[in-house]
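Engineer: Just so we're aligned, residue 4 is where the sequence shown starts under my numbering, counting upward by one. Glycine included, every Cβ here is placed at the ideal spot set by N, Cα and C. Bear in mind that the values here come from a model prediction, so they are computed numbers and not experimental data.
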Amino acid sequence: MTTRQTAVVPIGMERARQRFEHWRSTRPSRRSPIPDALWTAAVAGAQRHGLYATSRALGLDYAALKKRMAAAKDRAAASPTFVDLTPSTRACACVIEIEGPRGGTMRVQVNGVAWPDLVALTRVAWTGAA
Numbered sequence: 004m005t006t007r008q009t010a011v012v013p014i015g016m017e018r019a020r021q022r023f024e025h026w027r028s029t030r031p032s033r034r035s036p037i038p039d040a041l042w043t044a045a046v047a048g049a050q051r052h053g054l055y056a057t058s059r060a061l062g063l064d065y066a067a068l069k070k071r072m073a074a075a076k077d078r079a080a081a082s083p084t085f086v087d088l089t090p091s092t093r094a095c096a097c098v099i100e101i102e103g104p105r106g107g108t109m110r111v112q113v114n115g116v117a118w119p120d121l122v123a124l125t126r127v128a129w130t131g132a133a
């Protein structure tokens with residue numbers, strides 16, 4: 004005889020689990036599609052805690068969640084953000100956080116650097132070439 008163990012829900016995912024539970028108890032029919040807001044929460048949980056743990060904790064199909072994660076990653080990679088910096092020779096103090104196309108993140112704190120130098124720095128960080 005086997006015993007069924009309950010899934011351990013990571014602390015950061017408890018709110019999403021409660022939202023899924025509420026939706027499941029109030030949906031009009033058993034075949035109702037999962038709302039996009041819940042899928043978004045599930046993808047965020049999977050990015051933080053992993054696919055398997057999230058699918059178990061939220062009671063989702065592993066393959067469906069994996070597909071949603073891939074689609075979210077493709078959308079993020081397909082739409083890079085553009086930041087227009089007004090050229091100025093004034094020095095500034097700021098913190099720059101850059102997320103590269105492969106998902107790496109770099110955070111730089113600079114003091115007394117001119118805007119053109121910041122643009123060159125971000126270009127080098129983004130492309131890896133001077």
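For Arg-110, which beta-bridge partners are listed by DSSP?
Structural biologist: For Arg-110, which the question treats as bridged, DSSP gives the partners Glu-100.
Engineer: Does the stretch 64-73 come within contact of the stretch 33-53, defined as at least 3 CB pairs closer than 8 Å?
Structural biologist: Segments in contact, yes.
Engineer: Of the residues Arg-34, Ala-75, Arg-33, Trp-118, which one's Cα is nearest the Cα of Ala-40?
Structural biologist: Closest by alpha carbon: Ala-75.
Engineer: Given Phe-23, which residues of its chain have a CB within under 7 Å of its CB, disregarding the five upstream and five downstream residues?
Structural biologist: Leu-41, Leu-61, Gly-62, listed in sequence order.
Engineer: In three-state terms, what does DSSP make of Gly-15?
Structural biologist: DSSP places Gly-15 in helix when its eight states are reduced to three.
Engineer: Could you tell me the distance, in whole angstroms, from the CA atom of Ser-58 to the CA atom of Asp-64?
Structural biologist: Distance between the alpha carbons of Ser-58 and Asp-64 is about 6 Å.
Engineer: Taking Asp-64 as part of the alpha helix (DSSP H), name the residues at either end of that continuous run.
Structural biologist: Segment: none, Asp-64 is in no alpha helix (DSSP H) and carries neither H nor E.
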